[in-house]
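Down below is the structure, laid out as structure tokens.
Protein chains: 2
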Amino acid sequence: QIIDAIEAELTAGPLVGKRVLVTSGPTHEPIDPVRYIANRSSGAQGSALGQALVALGAEVVFVTGPADVPPPKGVQVVRVQTAREMQQAVQQALPVDAAVFAAAVADWRVATASDHKMKKTAGGLPVLELEENPDILAGVAQMGAGRPRLVIGFAAETENVTEYAAAKRRRKGCDWIVANDVSPETGIMGGSENAVVLVTEENAEPWPRMSKSEVGRRLAARIAETLGS
Amino acid sequence: QIIDAIEAELTAGPLVGKRVLVTSGPTHEPIDPVRYIANRSSGAQGSALGQALVALGAEVVFVTGPADVPPPKGVQVVRVQTAREMQQAVQQALPVDAAVFAAAVADWRVATASDHKMKKTAGGLPVLELEENPDILAGVAQMGAGRPRLVIGFAAETENVTEYAAAKRRRKGCDWIVANDVSPETGIMGGSENAVVLVTEENAEPWPRMSKSEVGRRLAARIAETLGS
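One line per chain: the protein sequences are R and F, in this order.
154 is the number that this note's numbering gives to position 154 of the first sequence; each next residue is one higher, with no gaps.
411 is the number that this note's numbering gives to position 182 of the second sequence; each next residue is one higher, with no gaps.
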């Protein structure tokens with residue numbers, strides 16, 4: 001009965017028949033077989049959004065790095081480690097109606113990653129030379145044919161959040177940026193709440209601080225509204 | 230009744246009255262507020278050893294980085310992030326009868342760690358300059374007065390495991406090294422099994438591959454034997 005009720009609700013949801021891609025979590029970029037560069041994304045906001053999209057009836061492809069939070073139920077999960085693996089998984093998930101890039105993708109990988117564990121030697125300190133990772137968001141946002149109707153990026157900043165987000169939106173060519181302040185004192189990175197600014201072509205809407213689940217539900221509702229219009 | 234039985238067993242254990250320090254898990258070394266350098270230690274072997282020491286009646290101080298595996302029950306847990314925090318916690322835990330350094334401490338930290346999130350700029354790629362972290366194992370192994378009677382290090386290698394471990398034992402001045410091969414193809418890092426070589430002053434004993442719990446029990450038994458002799 002419960003399953004029937006859920007199925008009935010799903011079938012009735014505004015996103016039935018829509019396919020949505022969500023990326024989530026951090027990426028890990030290897031330095032050597034035991035060391036890597038990571039970031040503090042827990043994957044909580046991406047999972048909350050994925051869950052909310054499923055609840056509205058969407059078919060969700062969920063491409064996730066090694067997150068602390070489990071993926072939502074009812075999505076197709078694709079697990080990756082590095083930015084380059086995430087890019088491949090994203091390309092394979094297309095075409096979609098909407099794509100939401102909530103993952104905290106490493107901007108850089110280590111150019112000099114080693115096959116063997118780096119050793120401490122008398123010869124001085126190692127220097128990690130970085131090279132740029134592919135820009136997954138821009139790649140999809142700037143597609144010609146086959147571009148998702150709605151492409152949404154995330155921006156995690158520690159200062160000038162709205163300005164940086166508006167500039168990022170233009171630079172990447174995406175439709176919306178969900179921007180948040182991840183300064184340690186906000187407790188947002190790794191926490192259960194989020195305070196975001198939704199930056200669109202028209203304006204920047206600061207949302208009140210609320211749970212990541214609630215941010216996910218509101219964002220899913222906005223996506224449904226836009227895809228349905 | 231169960232608690233009584235446990236307490237009776239504890240009171241009867243060969244390590245009753247002994248205080249043992251165990252370090253466990255990885256350390257995280259910040260690059261900026263959202264990025265850090267980590268390593269693939271899950272903390273599973275450290276937790277298994279701590280549990281086995283408690284079962285033999287030891288008072289265990291368990292200094293742990295951000296591990297995947299929860300700390301054992303019945304220990305005093307001290308949580309740290311970086312190598313320098315771990316060193317401080319270790320110093321505060323002394324004096325102890327035995328100290329086991331199972332943590333995968335980062336050899337290096339980022340000399341140029343930033344207070345603000347690093348941005349992609351046209352000005353080229355960032356380079357991470359590293360500086361050496363304190364050598365926690367050597368610091369304790371080479372103490373004069375107040376040195377624990379038994380100081381045990383771990384070595385995670387991807388090649389020449391026993392040779393590197395024997396050299397590490399001499400260089401650090403510790404009594405034993407528990408060496409293992411963490412090459413990705415072994416599945417040991419992050420897995421439930423371990424294959425170790427116990428390197429002492431006298432010899433190098435390869436142990437058969439067994440669960441990390443069993444490695445913990447055998448090692449705890451050897452510690453009890455040595456402290457009791």
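Note that CB positions come from ideal geometry on N, CA and C, so glycine has one too.
All values derive from a computational prediction rather than experimental measurement.
**Message:** With three or more beta-carbon pairs closer than 8 Å as the criterion, would you say the segment 210 to 222 of chain R touches the segment 276 to 283 of chain F?
**Reply:** no
**Asked** Looking only at DSSP bridge pairs, what is P26 (chain R) linked to?
**Response** R:A104
**Prompt:** Is the Cβ of M86 (chain R) closer than 9 Å to any Cβ of chain F?
**Reply:** no
**Message:** Please confirm whether S421 (chain F) has its beta-carbon closer than 9 Å to some beta-carbon of chain R.
**Reply:** no
**Message:** DSSP three-state label for R40 (chain R), please.
**Reply:** coil
**Request:** Give a yes or no on whether the minimum CB-CB distance between L128 (chain R) and chain F is below 9 Å.
**Result:** yes
**Asked** Is I365 (chain F) close to chain R, meaning its C-beta is less than 9 Å from at least one C-beta of that chain?
**Response** no
**Request:** Please confirm if A113 (chain R) has its CB atom under 9 Å from at least one CB of chain F.
**Result:** no
**Message:** Using 8 Å as the cut-off, can you tell me whether the segment 389 to 400 of chain F makes contact with the segment 36 to 51 of chain R, which would need three or more C-beta pairs spanning the two stretches below that distance?
**Reply:** no
**Residue closest to F330 (chain F), alpha-carbon to alpha-carbon, out of F:A453, F:G294, F:G242, F:I417** = F:G294
**Item:** Residues that S440 (chain F) bridges to, as DSSP identifies them
**Value:** F:E422
**Item:** C-alpha distance - L94 (chain R) paired with A166 (chain R), whole-angstrom precision
**Value:** 26 Å
**Prompt:** How should K120 (chain R) be labelled, buried or exposed, when 16 other C-beta atoms within 10 angstroms of its C-beta is the threshold for buried?
**Reply:** exposed
**Message:** Counting only beta-carbon separations shorter than 9 Å, does A125 (chain R) have a partner in chain F?
**Reply:** As written in the sequence, residue 125 (chain R) is Leu, which differs from the Ala given in the question. With 9 Å as the cut-off, L125 (chain R) counts as an interface residue toward chain F.
**Asked** Looking at C-beta atoms only, is the number of pairs between the segment 215 to 228 of chain R and the segment 296 to 308 of chain F that lie closer than 8 Å three or more?
**Response** no
**Selection from R:A12, R:A98, R:T162, R:V199 that minimises the alpha carbon distance to D181 (chain R)** = R:T162
**Prompt:** Got a sec: which bits of the segment 293 to 326 of chain F sit with their beta carbon under 7 Å from any beta carbon on chain R, in order along the chain?
**Reply:** none
**Prompt:** Can you find a CB in chain F that lies within less than 9 Å of the CB of T158 (chain R)?
**Reply:** yes
**Asked** So which residues on chain R does D464 (chain F) lean against when the C-beta distance must stay under 8 Å?
**Response** With chain F represented from 230 up to 458, any question about residue 464 (chain F) goes unanswered, as that position is not in the structure.
**Check whether V290 (chain F) and L244 (chain F) have beta carbons under 9 Å apart** = no
**Request:** Run down chain R in chain order and give the residues with a C-beta less than 8 Å from the C-beta of I260 (chain F).
**Result:** I37
**Request:** Go ahead and pull the three-state DSSP assignment for T293 (chain F).
**Result:** strand
**Request:** Give the DSSP-derived three-state secondary structure of G153 (chain R) in the structure shown.
**Result:** strand
**Prompt:** Considering only the beta carbon of each residue, do R147 (chain R) and R269 (chain F) sit closer than 9 Å?
**Reply:** no
**Message:** Between F:S412, F:V425, F:T252, F:V428, which has its C-alpha nearest M118 (chain R)'s C-alpha?
**Reply:** F:S412
**Prompt:** Start and end of the beta strand (DSSP E) containing I406 (chain F)?
**Reply:** 405 to 410
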